[in-house]
């Protein structure tokens, strides 16, 4: 009798331990999915972004500061300068009665996550993103329902690919260790360089970085033979090591375009805030193009890693109203439009990963504010 009780106890304990392990390892959930079908997970991206907009007073602006996230580069210098609040209030507050706070991020991944979270949850309302980032990160950004509202500027030499030793042609990248931040504008530029050299993804060994600002240090530490990042970070390292710049975006001045992207719910809820922000930024862009000194000082304060801030602005100059209208196919002509850049980035992402779907370029652009602001500007 006693032996039976021991056996029963052992079986009971074993059954309990087995059940706990099955639960921890996910076998119970898998069994439920087979019997009951897989549980559908709901997300914010399953519903239209504007459903939370108020019925009345839609054109109001938020009572809190508008949060705009950036990874610092020359094209965002006017935004940083126009948002100053210290000794001298910036242009956006003084001329457009809009309180804007710029939030800087070291990595593109951190910026993408902040846009998905939204300002109400510790993130941001808008973000300065490359068009390639929008196309290649369509699924991670889905819950933000991103809406592109304007062109901030293009990289015309700010993104570079540098080698740590000797002169290197693009065709000689085969077999090299290439360091870059995944899904960043610099990564996208590196892919373009490989395509021009007729090389595949497997012809180089990819060294992932947490931030594009780590590219120069990756060369110094010997972690990579070549690195893609900002000119102000990579070029000094290349000079110290006796290397060279393999290519820069001056070779492809229409490849890396930075746009201002709003969360879909923010654009729907606060259209007047978006209009004021666009009007102020187009004004700031024009002023910085004429006299970049103050904006350069503001950029230096938030991004010393970009090197000489004036050079950073010249290498990624802010866009004019005319360039905006041409880029989005509204008036005039552009060598490469927003739709072309976005669609090619989506197609490239599918080619690299083998999976994925994304909204069309038209679905990601909200040009109402740009049309309104450009129509009311003085000739």
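Residue numbers (the working numbering): 1177 to 1555.
Cβ atoms here follow ideal geometry from the backbone N, Cα and C, with glycine treated the same way.
Note that the coordinates shown come from a computational prediction; the quantities given were computed from them, not determined experimentally.
Taking Cβ positions, are residue i and residue j nearer each other than 8 Å?
i, j, result
"residue 1269", "residue 1312", "no"
"residue 1329", "residue 1491", "no"
"residue 1459", "residue 1267", "yes"
"residue 1341", "residue 1418", "yes"
"residue 1437", "residue 1310", "yes"
"residue 1283", "residue 1446", "no"
"residue 1425", "residue 1335", "yes"
"residue 1373", "residue 1413", "no"
"residue 1521", "residue 1308", "yes"
"residue 1364", "residue 1432", "yes"
"residue 1366", "residue 1337", "yes"
"residue 1478", "residue 1256", "yes"
"residue 1244", "residue 1325", "no"
"residue 1408", "residue 1391", "no"
"residue 1316", "residue 1276", "no"
"residue 1430", "residue 1369", "no"
"residue 1486", "residue 1468", "yes"
I want to check one thing, is the minimum distance from the CB of residue i to the heavy atoms of the ligand SAM below 7 Å?
i, result
"residue 1440", "Among the components of this structure there are no ligands whatsoever, and the ligand SAM is therefore not found."
For residue i, is the classification buried or exposed, using 16 other Cβ atoms within 10 angstroms of its Cβ as the cut-off for buried?
i, result
"residue 1461", "buried"
"residue 1377", "exposed"
"residue 1384", "exposed"
"residue 1421", "buried"
"residue 1298", "exposed"
"residue 1331", "buried"
"residue 1569", "There is simply no residue 1569 to check, as the chain begins at 1177 and stops at 1555 in what is shown."
"residue 1536", "exposed"
"residue 1484", "exposed"
"residue 1553", "exposed"
"residue 1525", "buried"
"residue 1361", "buried"
"residue 1528", "exposed"
"residue 1471", "buried"
"residue 1466", "exposed"
"residue 1415", "exposed"
"residue 1534", "buried"
"residue 1381", "exposed"
"residue 1480", "exposed"
"residue 1443", "buried"
"residue 1498", "exposed"
"residue 1352", "buried"
"residue 1489", "buried"
"residue 1441", "buried"
Contact defined as beta carbons within less than 8 Å: I believe residue i pairs with residue j. What is the distance between those atoms, to the nearest angstrom?
i, j, result
"residue 1388", "residue 1395", "About 13 Å; that fails the 8 Å criterion."
"residue 1532", "residue 1314", "7 Å"
"residue 1323", "residue 1542", "4 Å"
"residue 1327", "residue 1350", "About 35 Å separates the two Cβ atoms, so there is no contact after all."
"residue 1494", "residue 1464", "6 Å"
"residue 1319", "residue 1278", "23 Å between Cβ atoms; not a contact."
"residue 1294", "residue 1439", "6 Å"
"residue 1290", "residue 1271", "The Cβ separation is near 27 Å, so there is no contact."
"residue 1457", "residue 1321", "Between residue 1321 and residue 1457 the Cβ distance is about 21 Å, and since that is not below 8 Å, they are no contact."
Using DSSP with H/G/I as helix, E/B as strand and the rest coil, what is residue i?
i, result
"residue 1218", "Reliability fails at residue 1218, whose pLDDT of 45 lies under 50, so the model's placement of it is uncertain and the value that follows must be treated cautiously. Residue 1218: coil per DSSP, three-state reduction."
"residue 1376", "coil"
"residue 1558", "Since the first and last residues shown for the chain are 1177 and 1555, residue 1558 lies out of range."
"residue 1542", "coil"
"residue 1293", "helix"
"residue 1431", "coil"
"residue 1384", "strand"
"residue 1240", "coil"
"residue 1494", "strand"
"residue 1307", "helix"
"residue 1340", "coil"
"residue 1406", "strand"
"residue 1362", "helix"
"residue 1300", "coil"
"residue 1423", "strand"
"residue 1512", "coil"
"residue 1439", "coil"
"residue 1273", "coil"
"residue 1330", "strand"
"residue 1335", "strand"
"residue 1486", "helix"
"residue 1413", "helix"
"residue 1354", "strand"
"residue 1531", "coil"
"residue 1507", "coil"
Q.
For the pair the region 1531-1548 and the region 1494-1508, tell me if three or more CB-CB distances fall below 8 Å.
A. Touching, per the Cβ criterion.
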